[in-house]
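To start, the structure itself, in structure tokens.
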Amino acid sequence: MSVALKRTFQHELSLNDVVAKYPDLPRLVIIKTDVQRRGIHYTERALSIVNPDIHQMRSPYLFGSRDGEIKDLPESLLLRDGTTILVDPTPLEQNPYLVDLVDGRLALVDNDEVVEFVKLWPKPKYYDVKTSSGIPMSHIASARPQRLNIFQSSYCHFWAEHKECRFCDIVNHTKQQKNELGVPVRLKPYDVSETIREALKEKGRFTSICLTAGSVLKGNELFDNEVDFYIETLQAIGENFATKKFPSELISSAFNEKQLARLYAETGITSYTSDLEVLGEEKFNWICPGKAESVGYQEWKQRLVRAVDIFGRGNVGTGLVGGVELAKPYGFLSENDALNSTLDEAESLAEQGVTTFFIVWVPRPGSDFHDQQNPSLDYFIRLASGLHQLRVKYGLSIDYNDYRRCGNHPDTDLSRLL
Amino acid sequence: MSVQLTEEQIALLNDRDSHKVLATVDESGNPHVVFKQSIHVAEDGNIHYLELLESSRTNHNLVRAIWFDRKVSIVVKGGDKQSFQIKGEPLEVHVTGPLFEKHYVEIQERLGDVDLAGVWVIEPQEVINENFWLRKVDEEAKHPLFLHLDRIAKTKVQH
Ligand code: SF4
Chain A
1345 MSVALKRTFQ HELSLNDVVA KYPDLPRLVI IKTDVQRRGI HYTERALSIV
1395 NPDIHQMRSP YLFGSRDGEI KDLPESLLLR DGTTILVDPT PLEQNPYLVD
1445 LVDGRLALVD NDEVVEFVKL WPKPKYYDVK TSSGIPMSHI ASARPQRLNI
1495 FQSSYCHFWA EHKECRFCDI VNHTKQQKNE LGVPVRLKPY DVSETIREAL
1545 KEKGRFTSIC LTAGSVLKGN ELFDNEVDFY IETLQAIGEN FATKKFPSEL
1595 ISSAFNEKQL ARLYAETGIT SYTSDLEVLG EEKFNWICPG KAESVGYQEW
1645 KQRLVRAVDI FGRGNVGTGL VGGVELAKPY GFLSENDALN STLDEAESLA
1695 EQGVTTFFIV WVPRPGSDFH DQQNPSLDYF IRLASGLHQL RVKYGLSIDY
1745 NDYRRCGNHP DTDLSRLL
Chain B
9 MSVQLTEEQI ALLNDRDSHK VLATVDESGN PHVVFKQSIH VAEDGNIHYL
59 ELLESSRTNH NLVRAIWFDR KVSIVVKGGD KQSFQIKGEP LEVHVTGPLF
109 EKHYVEIQER LGDVDLAGVW VIEPQEVINE NFWLRKVDEE AKHPLFLHLD
159 RIAKTKVQH
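Below, the structure is given as structure tokens:
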């Protein structure tokens, strides 16, 4: 019989150590970051009070979870300051936080101590409705506490060429989701439009719409077909608004100026994100071979900078999978080196009006990096603080991707007071 | 430590005609004091405040308060000169969910096209009766030396 060894964090600063080390940073955001880093496990007691009529249960997502399974569990958690924790169910041997029932309330528990009380996400009303084509609307738009996610297509062409990003599990997860839940791989614009219309009936529920998908390389020019798909979908979404522009984010490949100008002119989109995933050309080439080969690191950066002329400062950003820069075997060997390099590169982008944010890297079973470990909490907190300070220094707002309109970036949680 | 508000204090806080003021501090400790008529006592016994502007100074100060365990202060004054100060701590802000959506709808019914950033829940921790005549009696009992001598002189100076 094999005995699974629990991951331990003895050589790292604990949550309380990190909270004490950074008195100027909010404990709640540090907790969020550590919970994302380590994951969660719901106890039976906690699950006994989950009510699928009022709590949002896990709905289709672009990427898979840390346990590689699709289970009927609560979607995620909210902290009392309104901070969202997007976090996966995680096998117990990885030593996640427990979500337990304490005095009738849900709490994050670690080493038998209550760390913080939490709430579950409320279920949006449209989750009980189907499109006229018969698809559950939760399969068309997945909700966060205040945002709607449209995963227009969950296929990425880099996978077809075996050039996928090494932390990514999109295609493996898509197959699983299609087989187990019947989630469509590509969405039809009229289904999206109908779902948005239904979601908007719930007053006060949503503040923004995020559209994203895998990369599509085809077209007259690289990514032309991807641009066409987005324009079609965004125009369908736009049918539901009285104003031409609506608070929204597109997370896509790095489009050229002509493509970006079309997107901005022909749709209601207000902000643009194109993820470099990891900063530094050498690491980018290793970790994102498809992106490196199709566009290249320097050109990807330049396309982001050019997007600022179209979308405006504060409306263009790039996302990182924070921590992959330390992956083995070619990542940085020290957290200090990784941090310095990443923040230097992020500053070169901030100087030109492009803001950088990160998600906490979670090694997923369906990815090439499945057997690795993410860095320390101390590292993630220094990264969050460093990226936030760059926004302060360069006067870059992050309204479009903050705690409410996104909720998945510890650094933009800090920027809530900008 | 939380305190329970009396019926009288609750009635005053829930009276639309009372004047209600919320005081917070910024990151440098500078006070920020504003009239906030949305302040009321909810069924949970806590004070709720509707913040309509995400980027307001009060909202930012409340976020700092919940992040760094700072207190806020509320003053309520009724038409009959009754006045209380309540010091408390923000416990939670609802930015989504049933309570948020209920207030979102109600505030739009009252004010028209406005937004709602959050419903702040403030736990009362200390209540001070700010009625001057009560405070005077209290001070005279506790600090009998705090007075000017002419007030107790045999012959009072005439103005
Ligand atoms: S571009 Fe990279 S991270 Fe994005 S879906 Fe494709 S492989 Fe995954």
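These protein sequence lines are chains A and B, in that order.
Heads up: the first sequence begins at 1345 in the numbering used here, then just goes up one per residue.
Heads up: the second sequence begins at 9 in the numbering used here, then just goes up one per residue.
C-beta: ideal position from N, C-alpha, C; glycine also.
Everything numeric in this text was worked out from a predicted model, so none of it was measured.
When every heavy atom of the ligand SF4 is checked, does at least one fall within less than 7 Å of the C-beta of W1503/A?
yes
Nonlocal neighbours in the same chain, by C-beta distance under 7 Å from S1409/A, ignoring five residues either side
D1432, P1433
Please report whether the beta-carbon of G1324/A lies at a distance below 8 Å from any beta-carbon of chain B.
Residue 1324/A falls outside the range modelled here, since chain A spans only 1345 to 1762, and no answer is possible.
Using a Cβ-Cβ cutoff of less than 8 Å, which residues in the same chain neighbour A1451/A once the five nearest sequence positions on both sides are dropped?
V1443, D1444, L1445, V1458, V1459, E1460, F1461, V1462
Looking at C-alpha atoms only, which residue of L1430/A, W1644/A, L1555/A is the closest neighbour of T1611/A?
L1555/A
Using Cβ-Cβ distances below 8 Å, what residues of the segment 1409 to 1432 of chain A are close to chain B?
L1422, R1424, D1425, G1426
Please determine whether the Cβ atom of A1635/A lies at a distance below 7 Å from any heavy atom of the ligand SF4.
For the sequence presented, residue 1635/A should be read as Lys rather than Ala. For the ligand SF4, at least one heavy atom lies less than 7 Å from the Cβ of K1635/A.
Answer with yes or no whether the minimum CB distance from P1489/A to chain B is below 8 Å.
yes
Reduced DSSP category for V1649/A - H, G, I as helix; E, B as strand; rest coil:
helix
Under 8 Å Cβ to Cβ from F108/B, same chain only, skipping five residues before and after it: list those, please.
H102, L124, G126, V127
Let me make sure I understand the geometry here. Which of P1468/A, D1456/A, P1435/A has the alpha-carbon closest to that of M1401/A?
P1468/A
With a threshold of 8 Å between beta carbons, is V103/B in contact with chain A?
yes
Own chain residues within Cβ distance below 7 Å of T1475/A, not counting five before or after
M1481, I1484, D1535, E1538, T1539
I'd like to know whether the C-beta atoms of R1749/A and Q1490/A end up nearer to each other than 8 Å.
yes
Between R118/B and T1587/A, what straight-line distance do the alpha-carbon atoms span, to the nearest angstrom?
24 Å
What do you reckon, are the CB atoms on A1598/A and V1652/A nearer than 8 Å?
no
Would you tell me roughly how many angstroms separate the C-alpha atoms of Y1441/A and I1414/A, rounded to the nearest one?
19 Å
Would you grab the beta carbon distance between Y1608/A and I1654/A for me? Rounded to a whole angstrom, and I think it's under 8 Å.
5 Å
Is DSSP giving M9/B helix, strand or coil here?
coil
Sort F43/B, T66/B, I160/B, H111/B by Cα distance to A50/B and report the nearest one.
H111/B
With a threshold of 7 Å, establish whether the CB of I1703/A neighbours any heavy atom of the ligand SF4.
no
Would you say L124/B reaches chain C, if we count a Cβ-Cβ gap shorter than 8 Å as a contact?
Although the question refers to chain C, the structure presented lacks it and instead comprises the protein chains A and B.
Can you list the residues of chain B that R1760/A reaches, using a CB-CB cut of under 7 Å?
V71
Using 8 Å as the limit for Cβ to Cβ distance, is Y57/B near chain A?
no
Are Y1747/A and D1757/A close, meaning C-beta to C-beta below 8 Å?
yes
Near-chain B residues of the segment 1540 to 1559 of chain A (beta-carbon distance less than 8 Å), N- to C-terminal order:
E1546, K1547, G1548, R1549
Using the C-alpha atoms, what's the distance from S1720/A back to W1705/A?
11 Å
According to a CB-to-CB cut-off of less than 9 Å, which residues of the segment 1583 to 1594 of chain A neighbour chain B?
none
Restricting to Cα atoms, I'd like to know which of T1427/A, I1398/A, I1613/A, G1412/A is closest to P1418/A.
I1398/A
Can you tell which of D88/B, V41/B, D146/B has its C-alpha closest to the C-alpha of S81/B?
V41/B
So does G1661/A have its beta carbon nearer than 7 Å to some heavy atom of the ligand SF4?
no
Going along chain A, which residues have a C-beta under 9 Å from P179/B?
The structure shown does not extend to residue 179/B, since chain B is modelled only from 9 to 167, so the question has no answer here.
Is the closest heavy atom of the ligand SAH to the C-beta of S1559/A under 7 Å?
The model on display carries the ligand SF4 but not the ligand SAH.
Strictly below 7 Å CB to CB, what residues from chain A border L99/B?
R1424
With DSSP as the reference, label V1463/A as helix, strand or coil.
Looking at the sequence shown, residue 1463/A is not Val but Lys. Strand at K1463/A.
Ordered list of beta strand (DSSP E) runs contained in the segment 1605 to 1633 of chain A, each at least 3 residues:
1615 to 1617
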